[in-house]
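J.:
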Amino acid sequence: MTKPLLRALKGDPSAPAPIWLMRQAGRYLPEYREVRAEAGGFLNLCFNPAKATEVTLQPIRRYGFDGSILFSDILIVPHALGQKVAFEAGEGPRLDPIRQRSAIPDFDPAKFDKAAEAVYEAVERIKAALPPEVTFIGFAGAPWTVATYMVEGAGSKDYANAKKWFYSEPEGFQTLIDRITEATIHYLSTQIRSGVEVVQLFDSWAGALSSDDFRRWVIEPNRRIVKALRELHPGVPVICFPRGAGLMYEEFLAIVEPDGVGLDTTVPVEWAARTLQPKACVQGNLDPLALVAGGAALDSAIDRICDALAGKPFIFNLGHGILQETNPEHVSHLVKRVRERTAFGR
Ligand code: CP3
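Under full-length UniProt numbering, the first residue of the sequence shown carries the number 1, and numbering increases by one thereafter.
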């Protein structure tokens, strides 16, 4: 019997629909905050295999999700490439920005693996501890999204430095994207060899680009990664999440050909059912703020998504990561309602 989440990704859905949530391990859970305090900060937690295993398992124990995502961060890749990465409490990530071709780090697999070793060890431990029906999901940031952090040195609203770079010196920026692409293929491949069963590529800031830039910096690197992983690990599904792709979702799917595609909150589910779902398993797309609010609005938003997408290849998720202010009780309610609403397929 194949696991429900894996079955959905292979185009053979079962009822009820599988569910997991992006950022399901995190600060909205009191048990997470406790372990993070013991670890002495976020990066120490990512690099402590026993504690990273513990926080990965916390939402599985509490909610019985169908998918378990490795507890880690997309900024492990810049760190393992040798860039200085820090997380200041309450401020988000800080990196020493890279703004010229000569500052782009080389990719040395041996050095990279040494820096990421604790992540691979966490993967092995989590794999051994997960209940058999739960699918283990590894991940990385997609090159454009990771590049925005590497170039800006922090979160950004407009990605002005990254854009100025690719407009003024596209070959230089291409070198950075190629370097991240190469490292990401290696990193995800090693996660798979260590035990993950599915990988997701987070392109969280894909929606910031014009259509030609989207083709070059989002579609092309995602395509290369999906193709390389499929050659190295046939049968291991890849989910792409080009958040904010909008009118480019269709072209993205046609060229990248992932097994699953994450829908952000703005995607109309009836359109996705007609246009995207025949080509890939769709995943999404509840507004994280509807989950914060709860009540009747949450219920009708859940039902709308389930009614449009369940019974066909579908994984229930949010349209972006769960928010810190989310009441953990609302998550229990969500899981129960999704399972009831999709129990008999359609
Ligand atoms: O989903 C999971 O439970 C797995 C863990 C996970 C984290 N980050 C843990 C985390 C995953 C999949 C990510 C992905 C990630 N990280 C993305 C892509 C997804 C998205 O939300 O768009 C991005 C853009 C990042 C970069 C990042 N990491 C930022 C901007 C921040 C600071 C903002 C914030 O939410 O605090 C982080 C920190 C981070 N990553 C936290 C967690 C649980 C909070 C750190 C803490 O505990 O203090």
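We put the CB at the ideal spot given by N, CA and C, even for glycine.
In this text the structure is predicted, and so the values were computed from the model without any measurement.
1. Should residue 28 go down as buried or exposed, given a rule of 16 or more other Cβ atoms within 10 Å for buried?
2. Spatial neighbours of residue 143 within its chain, please: C-beta separation below 6 Å, excluding the five flanking residues on both sides.
3. Does the beta carbon of residue 320 fall short of 7 Å from some heavy atom of the ligand CP3?
4. Could you tell me if residue 247 is buried or exposed, where buried requires 16 or more neighbouring beta carbons within 10 angstroms of its beta carbon?
5. When DSSP labels each residue in this structure, what does residue 200 get in the three-state scheme?
6. Could you check if residue 73 belongs to the surroundings of the ligand CP3, using beta carbon to heavy atom distance under 7 Å?
7. Can residue 138 and residue 209 be called in contact, C-beta distance under 8 Å?
8. Beta strand (DSSP E) containing residue 262: first to last residue?
9. Ignore the nearest five residues each way along the sequence and tell me which others in residue 286's own chain have a CB closer than 7 Å to its CB.
10. Whole angstroms are fine: how far does the CA of residue 74 sit from the CA of residue 53?
11. Check residue 304 in the structure and name its three-state DSSP category.
12. Would you mind sorting residue 274 into buried or exposed? The rule is 16 or more other CB atoms within 10 Å of its CB.
13. Residue 148: buried (16+ other C-beta within 10 angstroms of its C-beta) or exposed?
14. Can residue 42 and residue 80 be called in contact, C-beta distance under 8 Å?
15. Would DSSP call residue 125 helix, strand or coil?
16. Taking residue 122 and residue 49 to be in contact with their CB atoms under 8 Å, please state how far apart those CB atoms are, rounded to whole angstroms.
17. For my contact list, residue 151 and residue 162 are in at a C-beta cut-off of 8 Å; report their separation, rounded to the angstrom.
18. Assuming the contact rule is C-beta atoms closer than 8 Å, residue 96 and residue 153 should be a hit. Round their C-beta distance to whole Å, please.
19. Rounding to the nearest angstrom, what Cα-Cα distance links residue 2 and residue 8 in this structure?
20. Taking the straight line between their C-alpha atoms, what separation do you get for residue 69 and residue 335?
21. Could you round the C-beta distance between residue 5 and residue 18 to whole angstroms and report it? I think they count as a contact, below 8 Å.
22. Closest to residue 127 by CA distance: which of 86, 165, 223, 60 is it?
23. Compare the beta carbon distance of residue 262 and residue 240 with 8 Å and say whether it is the shorter of the two.
24. Does the beta carbon of residue 22 fall short of 7 Å from some heavy atom of the ligand CP3?
T.: Let's see:
1. With 16 or more other Cβ atoms within 10 Å, it is buried.
2. These residues qualify, in order along the chain: 177, 180, 181, 221.
3. True, at least one ligand heavy atom lies under 7 Å from that Cβ.
4. An exposed status is given to residue 247, since fewer than 16 other beta-carbon atoms sit within 10 Å of its beta-carbon.
5. DSSP places residue 200 in strand when its eight states are reduced to three.
6. Yes, the ligand CP3 has a heavy atom inside 7 Å of this Cβ.
7. With a cutoff of 8 Å on beta-carbon distance, residue 138 and residue 209 are scored as not near each other.
8. Where residue 262 is concerned, the enclosing beta strand (DSSP E) stretches over 260-262.
9. 301, 302, 305, 318, 319, listed in sequence order.
10. Between residue 53 and residue 74, the C-alpha separation is close to 17 Å.
11. In the three-state reduction of the DSSP assignment, residue 304 falls in the helix class, which pools H, G and I.
12. By the neighbour-count rule (16 or more Cβ atoms within 10 Å), residue 274 is not buried but exposed.
13. Buried: at least 16 other Cβ atoms inside 10 Å.
14. Result no, Cβ atoms of residue 42 and residue 80 do not sit closer than 8 Å.
15. Residue state, collapsed to three classes: helix.
16. The beta-carbon separation of residue 122 and residue 49, rounded to 4 Å, stays under the 8 Å limit for a contact.
17. The pair is a contact, with the Cβ atoms about 4 Å apart (cut-off 8 Å).
18. Confirmed, Cβ separation roughly 7 Å.
19. One Cα belongs to residue 2, the other to residue 8, and the distance between them is close to 10 Å.
20. Distance between the alpha carbons of residue 69 and residue 335 is about 16 Å.
21. Right, the Cβ-Cβ distance comes to about 4 Å (below 8 Å), so this counts as a contact.
22. Nearest of 86, 165, 223, 60 to residue 127, Cα basis: 60.
23. Yes, the pair counts as a contact, with Cβ atoms nearer than the cut-off.
24. Distances taken from the Cβ of residue 22 to the heavy atoms of the ligand CP3 include one shorter than 7 Å.
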